[in-house]
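Undergrad:
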Amino acid sequence: MSVESATAIQRNQVDLLDFVDWSGVECLNQNSSHSLVNALKQGYREDEGLHLESDADEQLLIYIPFTQVIKLHSFLMKGPEDEGPKTVKLFANKEHMGFSNVSDFPPSDSAVLSLDNLKGKPFTVKYVKFQSVRSLTIFIEDNQCGGDVTKVQKIVLYGTTQDVTFILEGISKFDHYI
Amino acid sequence: MVLEATMICIDNSEWMRNGDYTPTRFQAQADAVNLICGAKTQSNPENTVGVLTMAGKGVRVLVTPTSDLGKILACMHGLEIGGEMNLAAGIQVAQLALKHRQNKKQQQRIIVFAGSPVKYDKKVLETIGRKLKKNSVALDIVDFGEGDDGKPEKLEALLSAVNNNDSSHIIHVPPGPNALSDVLISTPVFTGDGEGGSGFAAAAAAAAAAGGVSGFDFGVDPNLDPELALALRVSMEEERARQEAAAKRAAEEAARQEKGGEQPSNSQDTTMTEHKTITAPEAENKKNDLMDDETALLEQALAMSMDDPRTSNSMGDTDMSEATTEDQDLAFALQMSVQDNPKDSASQTEMNKVLGDQSFVSSILASLPGVDPNDPSVKDLLASLQGQSEAEQKNDDKPPNEDK
Numbered sequence: 001m002s003v004e005s006a007t008a009i010q011r012n013q014v015d016l017l018d019f020v021d022w023s024g025v026e027c028l029n030q031n032s033s034h035s036l037v038n039a040l041k042q043g044y045r046e047d048e049g050l051h052l053e054s055d056a057d058e059q060l061l062i063y064i065p066f067t068q069v070i071k072l073h074s075f076l077m078k079g080p081e082d083e084g085p086k087t088v089k090l091f092a093n094k095e096h097m098g099f100s101n102v103s104d105f106p107p108s109d110s111a112v113l114s115l116d117n118l119k120g121k122p123f124t125v126k127y128v129k130f131q132s133v134r135s136l137t138i139f140i141e142d143n144q145c146g147g148d149v150t151k152v153q154k155i156v157l158y159g160t161t162q163d164v165t166f167i168l169e170g171i172s173k174f175d176h177y178i
Numbered sequence: 001m002v003l004e005a006t007m008i009c010i011d012n013s014e015w016m017r018n019g020d021y022t023p024t025r026f027q028a029q030a031d032a033v034n035l036i037c038g039a040k041t042q043s044n045p046e047n048t049v050g051v052l053t054m055a056g057k058g059v060r061v062l063v064t065p066t067s068d069l070g071k072i073l074a075c076m077h078g079l080e081i082g083g084e085m086n087l088a089a090g091i092q093v094a095q096l097a098l099k100h101r102q103n104k105k106q107q108q109r110i111i112v113f114a115g116s117p118v119k120y121d122k123k124v125l126e127t128i129g130r131k132l133k134k135n136s137v138a139l140d141i142v143d144f145g146e147g148d149d150g151k152p153e154k155l156e157a158l159l160s161a162v163n164n165n166d167s168s169h170i171i172h173v174p175p176g177p178n179a180l181s182d183v184l185i186s187t188p189v190f191t192g193d194g195e196g197g198s199g200f201a202a203a204a205a206a207a208a209a210a211g212g213v214s215g216f217d218f219g220v221d222p223n224l225d226p227e228l229a230l231a232l233r234v235s236m237e238e239e240r241a242r243q244e245a246a247a248k249r250a251a252e253e254a255a256r257q258e259k260g261g262e263q264p265s266n267s268q269d270t271t272m273t274e275h276k277t278i279t280a281p282e283a284e285n286k287k288n289d290l291m292d293d294e295t296a297l298l299e300q301a302l303a304m305s306m307d308d309p310r311t312s313n314s315m316g317d318t319d320m321s322e323a324t325t326e327d328q329d330l331a332f333a334l335q336m337s338v339q340d341n342p343k344d345s346a347s348q349t350e351m352n353k354v355l356g357d358q359s360f361v362s363s364i365l366a367s368l369p370g371v372d373p374n375d376p377s378v379k380d381l382l383a384s385l386q387g388q389s390e391a392e393q394k395n396d397d398k399p400p401n402e403d404k
């Protein structure tokens, strides 16, 4: 495994944005004028003025299905210092979760984001738990300051596909092969 | 055509025995539920509807969300009235039932009939509302029956806590001769936020009222009469905007119910609809009945145009589709509407005539859909009515079903 840096992506890891199945993407408790696309879609997430915001309270539940089975390596979540997310739980392959059953089973991984993470340092997940992911559920439990609104500027997922359809540039070393 | 799963919460508490809505509050509610189920399943065949009762021994789910209309109608039978309504528990159980719906792609909606006093305070209701909003559940509240103890304010607070992008609504229905379902037909509860709702609302109303549904929107479709269909649609839009005012006029409407004959004629005549936006909903219902009489009516309308100026009021709006199966009534109505174009508010008295059979009229009234419309015309009629007692006498003198 290569060394992480604040901005570099792991070798062989690609931005999984291309594999997101946009028709099934859902976000519960989002403010309708600040929706998930602001944080997830190419172009929108680079825009500093657009962000994802929570509505009734500070929790957010994001459901992202993929068009093919992927392995998740790390994720990046950028947000403001105080209203950015703090405790983030990831669930792999659990469909249609609601706020009431997030605590019913243990998350595949959970993360407490630091300010470095919010500035752009990716968080590496437990890779073994995300070896064949069809869909990812991100539960943002609370935010840094403890207020009623959580804001997320950008969400990026890094990983690889399970099949061997790599981008040619990343072929130098295969750790995984079917 | 939104794909939606709906849970309807019925109030079957002791307060529903009251007869201020015809025939009883409970029966009016049951009719409204039946219509809603029909409308939802018609707008999208994959929609599901479930029903639960909030009073009685406790909150009880009668049927989980299903698209089988027969099952829903069957479970409405044999419901007993008693106990007190538990609004908070009812909404929470409804939310749970929706959570376990089979098709997770459906949007979630709860329709609550709140007829008895609400014993919960605003804070609790707002918490419930926020929880619904967080789980993206829309809520429609039908506020009828008891209206004290700050109940409207509490329900408004609940609505504002739930409301997300105007997907939730509240309808206040005051007591009156108009059937609860008639008032609801033109509201967003039926029309689904205005997205082509008028189509199934009209069809549902027509189906319930006439039984001779042609299946078309507004009873007549572009195939037969594009101008008429367009005029009806425009009228429907306008009418919807004024429905609340119409509910207030329900009392006056009753007096004019006899005029039912006018309704169908109005709908027949494209030009008429321009003046009577309110008649549109009734017109739709009428249409179904009048399909056969259309030709005859048009002929009569032409004849009427030449006729003397009677202060007929176009308002006839109170839909009396069933009542006007007779050509004579239709002819009369047509005449009235033609005459009345310049002055909408001819006089309420006009309504009074027409149907010779009082009992027939009253029975029709009870089953009439879409009674609420007629806001502008009704108002005018009221004003003119008070000023024109003579007109009433004139109307009384005229024999019902007179031909021109």
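Chains A and B, in that order, are what the protein sequence lines are. For the first sequence, the positions run 1 to 178 when full-length UniProt numbering is used. For the second sequence, the positions run 1 to 404 when full-length UniProt numbering is used. Backbone N, C-alpha and C fix where the C-beta goes; we use that ideal spot for every residue, glycine too.
1. Can you give me the start and stop residues for the beta strand (DSSP E) that T87(A) sits inside?
2. Any C-beta of chain A within less than 7 angstroms: which residues of the region 80–109 of chain B qualify?
3. List, in chain order, every chain B residue whose beta-carbon is nearer than 8 angstroms to that of S32(A).
4. Could you tell me the alpha carbon to alpha carbon distance between E262(B) and L302(B), rounded to whole angstroms?
5. When you compare only the Cα positions, how much space is there between D21(A) and D15(A)?
6. Run down chain A in chain order and give the residues with a C-beta less than 7 angstroms from the C-beta of S136(B).
7. With a CB to CB cut of under 6 angstroms and the five nearest residues on each side skipped, what residues in its chain are close to residue 244(A)?
8. Cβ of R233(B) versus every heavy atom of the ligand FAD: is any distance shorter than 7 angstroms?
9. So what's M77(A) in DSSP terms, helix, strand or just coil?
10. In this structure, does DSSP put N29(A) in helix, strand or coil?
11. With a threshold of 8 angstroms between beta carbons, is R130(B) in contact with chain A?
12. Can you give me, in chain order, the residues of the region 43–65 of chain A that have a beta carbon less than 8 angstroms from any beta carbon in chain B?
13. Does F139(A) come within less than 8 angstroms of chain B when only Cβ atoms are used?
14. Please identify the residue among E126(B), D148(B), M1(B) and K99(B) whose C-alpha is closest to the C-alpha of W15(B).
15. Less than 8 angstroms between CB atoms is the rule here; does K133(B) satisfy it with respect to chain A?
16. Whole alpha helix (DSSP H) runs in the region 106–160 of chain B with 4 or more residues, listed along the chain?
17. If I measure Cβ to Cβ from G56(B) and keep anything under 7 angstroms in the same chain, skipping five residues before and after, which residues do I get?
18. Using alpha carbons as the reference points, say which of E58(A), S33(A), G98(A) and P65(A) lies closest to L50(A).
19. Enumerate in chain order the residues of its own chain whose CB-to-CB distance from G196(B) is below 6 angstroms, with the five nearest sequence positions on each side excluded.
20. Once DSSP output is grouped into helix, strand and coil, what is the label at T22(B)?
21. Could you round the C-beta distance between V61(B) and G50(B) to whole angstroms and report it? I think they count as a contact, below 8 angstroms.
22. Does F123(A) come within less than 8 angstroms of chain B when only Cβ atoms are used?
23. Under 7 angstroms Cβ-Cβ, which residues of chain B neighbour G98(A)?
24. Using only CA atoms, which one of D57(A), G84(A), L61(A) and K126(A) lies nearest to V25(A)?
25. Just confirm the distance between the C-beta atoms of D143(B) and H172(B), as a whole number of angstroms; I'd bet it's less than 8 angstroms.
26. Shortest alpha-carbon distance to F26(B) belongs to which of N44(B), G115(B), I111(B) and T6(B)?
27. Three or more C-beta pairs under 8 angstroms: does that hold for the region 59–78 of chain A against the region 147–159 of chain A?
TA: In this structure, then:
1. Run containing T87(A): T87 to A92, per the beta strand (DSSP E) assignment.
2. Per Cβ criterion, the list reads K99 and K104.
3. Residues of chain B passing the Cβ test: N164 and N165.
4. Summary for E262(B): the model assigns pLDDT 45, below 50, so the residue's position carries little reliability, and this model does not support an answer.
5. As the crow flies, the alpha-carbon of D21(A) is around 14 angstroms from that of D15(A).
6. By Cβ distance, chain A contributes L28.
7. In the structure as shown, chain A begins at 1 and stops at 178. Residue 244(A) is therefore absent and cannot be evaluated.
8. The ligand content of the structure shown is nil, which means the ligand FAD is not present either.
9. The answer is strand: DSSP assigns M77(A) an E or B state.
10. In the structure shown, the three-state DSSP call for N29(A) is coil.
11. At least one chain A Cβ lies under 8 angstroms of R130(B).
12. So the list reads D55, A56, D57 and Q59, given in the order they occur along the chain.
13. Cβ-Cβ to chain B under 8 angstroms: no for F139(A).
14. Ranking E126(B), D148(B), M1(B) and K99(B) by Cα distance to W15(B) puts D148(B) first.
15. Yes - at least one Cβ of chain A is within 8 angstroms of the one on K133(B).
16. Taking only runs of at least 4 residues, the alpha helix (DSSP H) segments lying wholly in the region 106–160 of chain B are 122–134.
17. Hits under 7 angstroms: N12, E80, G82 and G83.
18. Nearest C-alpha to L50(A): S33(A).
19. A caution first: G196(B) carries a pLDDT of 46, below 50, which makes its placement in the model unreliable, though a value can still be read off. None.
20. DSSP, reduced to helix, strand and coil, places T22(B) outside both helices and strands of the structure shown, so it counts as coil.
21. Taking 8 angstroms as the upper bound for CB-CB distance, V61(B) and G50(B) are in contact here, some 7 angstroms apart.
22. No, because no Cβ of chain B sits closer than 8 angstroms to the Cβ of F123(A).
23. K99 and N135, listed in chain order.
24. The closest CA to that of V25(A), considering only D57(A), G84(A), L61(A) and K126(A), is found on L61(A).
25. With a Cβ gap of about 5 angstroms, D143(B) and H172(B) count as contacting.
26. Of the listed residues, the one whose Cα sits closest to F26(B) is G115(B).
27. By the Cβ rule, the region 59–78 of chain A counts as touching the region 147–159 of chain A, because three or more pairs are nearer than 8 angstroms.
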